[in-house]
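Heads up: the sequence shown is residues 0 to 512, going by numbering that gives the first Met the number 0.
Following: one structure in structure tokens, then a few remarks.
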Amino acid sequence: MATVIILALAAMTPACNMALGNKGLTLYGSEPATLDPALCTDATSASYIVEIFSGLVTLDNDLEVIPDIAQSWDISPDLKTYTFHLRDGVRFHNGKPVTASDFKYSIERAADPRTRSPVAEAYLGDIVGIKEKLRGEADEVSGVRVIDDKTLQITIDAPKAYFLSKLTYPTAFVVDQANVESSANWWQHPNGTGPFKLGEWREGQWIILERNEHFYREVAKLERVTFRLTGNSMMMYERGEIDITQVDTANIERVLDPTNPLNKELVDAPELSVWYIGFNTAMPPFDDEKVRQAFCHAVDKDKIIEILLKDIVSRADGILPPGMPGYNEELEGLTYDVERAQQLIAESSYSDGLPPIVLSSPGSCAGVSSVDIAIASMWQENIGVEVEIEAVEWETFLDDLREGRFQTFEVGWIADYPDPENFLDLLFHSESVENHTAYSNPDVDELLEAARVEGDVGARLEIYQEVEQIIVDEAPWLPLWFGKSYFLVKPYVKGFSPAPMIIPTFKDVWIEE
């Protein structure tokens, strides 16, 4: 989540579910990169972690912050100190009671430089003392205080409307110190607090989650959730072997046909996600704004969406998806304009010739996506540049992305919490660890910093809209499309509600007998 979406275009067919009698569901899932909340940077890992672990607060189905392990909290008059009151009876999966000290340990562990969390600064950096801890300048985080076993106090550096939302991200989840210190691979046998516990993980075959009978809120209705890591979800659904599947581009047209029996079982839901091409602004030729703009003008997004994606997504002209506070219907994007693209190249510092371009995307030796091929072809035809497409295994891709090794890359971002700060500040502030394009504009930084502490909601959203337009004009990204999910759901599956982002999903699902 820092949520990078891992699904390459040809693989927009993740999780699907199967009933195991009336006791469980089986999901066809992907292998997570980690189950360590402090190291989570992708949607696949997060989808497991939010079921196994939990934190002070969480998001409900309406994406509102609600109490979780903290039953309530008080905020100081200066809006900088949060005092959390923990519920009674909260236990780890092994029955060990959870205390405020466990949260202090978890936050300080995430910020410990030895943990090497790539997201601690982005999601916990508002807490006083986090940055000093990350730099190895402090033994503890001064802004986190244990008042007693049931009371935790957190102080942030300035009033920030989105702070509680940030605590719903896995980096702020509680972990058991004894579990963490048991082995280097402790997260393969995690002792969490979430509605499900890890029952079995057989690499390349399945992951089984079992109901946590100690769960401090309403216990899950399902006894287990099994993620199958191989198979064809659509075929399994049609054979009656599974109960829910996400519909891919190869099947969407027939499923959308009202005369097809499957149409009655179709459920669609918008996603707070955006898919994009990122340009490394510190690497030639994308260190030239005119070149970046030209590459944006040279891609016919409408044709890609219509022909390759069968119109299951909507074109993105900007960064904030529909449904996100601050979404701007009037934003002016860089439209498809070959003549303008060629003119910009001629005006750029690379008018004598562009260097070869390498477009990198998450993938495998199985091949590159049809979208990558289409984009590369448009760049070659409309700009006359040589383009190589590089498929990179997911874990390597994440490392290379964080280290700024890519010249240009295709990937997606799904909201971690419903606030524009999660897109614009995390991805484009020059000092953000999630700024994978090395984009830097002092005016944008100043506006983003002003938005962080702006108390008036309307004024704050106006700042973000101004920032978004500047970023789109300067083109560190080529926004491609906003996501939408399509699911087939058997009529006897109840309580399943596709969420627009990664939140705990399965606690309230059941099979109707």
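C-beta atoms are modelled at their ideal positions from N, C-alpha and C, and glycine is treated no differently.
Please state if the CB of residue j and the CB of residue i are separated by a distance shorter than 8 Å.
i: H213; j: T150; result: no
i: S53; j: D67; result: yes
i: F317; j: L307; result: Checking the sequence, you will find Gly at residue 317 rather than Phe. Going by C-beta atoms, G317 is not nearer than 8 Å to L307.
i: I126; j: V140; result: yes
i: G23; j: E222; result: yes
i: S388; j: V367; result: Residue identity differs from the one stated: residue 388 is Ile in this sequence, not Ser. Yes; because the gap between Cβ atoms is below 8 Å, this pair is in contact.
i: F505; j: E50; result: yes
i: T114; j: A219; result: no
i: Q406; j: I356; result: yes
i: N279; j: G362; result: no
i: E461; j: E288; result: no
i: P475; j: P194; result: no
i: K79; j: P169; result: no
i: A109; j: S116; result: yes
i: W205; j: R238; result: no
i: T559; j: V173; result: The chain is shown only over 0 to 512; residue 559 falls outside these bounds and no answer can be derived.
i: A450; j: Y463; result: yes
i: F294; j: L477; result: yes
i: A281; j: V337; result: no
i: I344; j: V432; result: no
Ignore the nearest five residues each way along the sequence and tell me which others in residue i's own chain have a CB closer than 7 Å to its CB.
i: I304; result: D310, V312, R314, W480
i: N21; result: In this prediction, N21 scores a pLDDT of 43, lower than 50, which makes its location untrustworthy; the coordinate-derived value is nonetheless stated afterwards. Here the set comprises I510, E512.
i: T167; result: G54, V56, T57, L58, V64, Y416
i: F495; result: I243, V488, V508
i: L447; result: L423, D424, H428, V466
i: V434; result: Note that residue 434 is Asn in the sequence shown, not Val. Here the set comprises L426, F427, H428.
i: S348; result: D287
i: G230; result: Y27
i: L543; result: With the chain represented from 0 up to 512, any question about residue 543 goes unanswered, as that position is not in the structure.
i: A498; result: N60, T504
How long is the line joining the alpha carbons of residue i and residue j, rounded to whole angstroms?
i: S164; j: G383; result: 45 Å
i: E30; j: L261; result: 28 Å
i: L58; j: D418; result: 12 Å
i: V443; j: H188; result: 43 Å
i: L133; j: S350; result: 44 Å
i: E385; j: D267; result: 39 Å
i: R253; j: N259; result: 7 Å
i: H92; j: E512; result: 29 Å
i: I469; j: G332; result: 10 Å
i: W185; j: E217; result: 27 Å
i: V224; j: A32; result: 19 Å
i: A183; j: E328; result: 48 Å
i: T98; j: Y275; result: 42 Å
i: S484; j: M235; result: 19 Å
i: D175; j: Q245; result: 34 Å
i: A437; j: E240; result: 47 Å
i: W200; j: P283; result: 43 Å
Please classify residue i: does DSSP put it in a helix, a strand, or coil?
i: A414; result: coil
i: G317; result: coil
i: Y236; result: helix
i: G28; result: coil
i: S368; result: coil
i: W509; result: strand
i: L123; result: helix
i: D442; result: helix
i: D424; result: helix
i: G457; result: helix
i: D111; result: coil
i: S484; result: strand
i: T57; result: strand
i: A297; result: coil
i: Q70; result: strand
i: R339; result: helix
i: I311; result: coil
i: Q406; result: coil
Excluding the 5 residues preceding and the 5 following residue i in the sequence, name in chain order all residues of the same chain whose CB lies nearer than 8 Å to its CB.
i: P320; result: P269, E270, L271, S272, V273, Y326, A414, F481, G482
i: E264; result: L487, V488, K489, P490
i: N250; result: M233
i: D147; result: A99
i: T2; result: Confidence is the limiting factor: at T2 the pLDDT is only 43, short of 50, which leaves the residue's position unreliable and the question unanswerable from this model.
Note down, in chain order, each residue of its chain lying with its Cβ closer than 6 Å to the Cβ of residue i, except the 5 sequence neighbours on either side.
i: Q379; result: V386
i: S359; result: E389, V391, F405, F408
i: K103; result: V143, V145
i: S439; result: S429
Given 7 Å as the limit, tell me if residue i has its C-beta closer than that to any heavy atom belonging to the ligand SAH.
i: S181; result: By its list of ligands, the structure shown contains no ligand whatsoever, and the ligand SAH lies outside what it can speak to.
Would you list, in sequence order, the uninterrupted beta strand (DSSP E) runs of no fewer than 3 residues that lie entirely inside the segment 200-234? 205-210, 223-227
Which residue spans inside the segment 344-397 form an unbroken alpha helix (DSSP H) run of at least 4? 369-382
If we require 3 or more residues per run, which beta strand (DSSP E) segments fall completely within the segment 243-291? 243-245, 265-278
Counting only runs that start and end within the segment 119-168, where is the beta strand (DSSP E) found for 3 or more residues in a row? 143-147, 150-154
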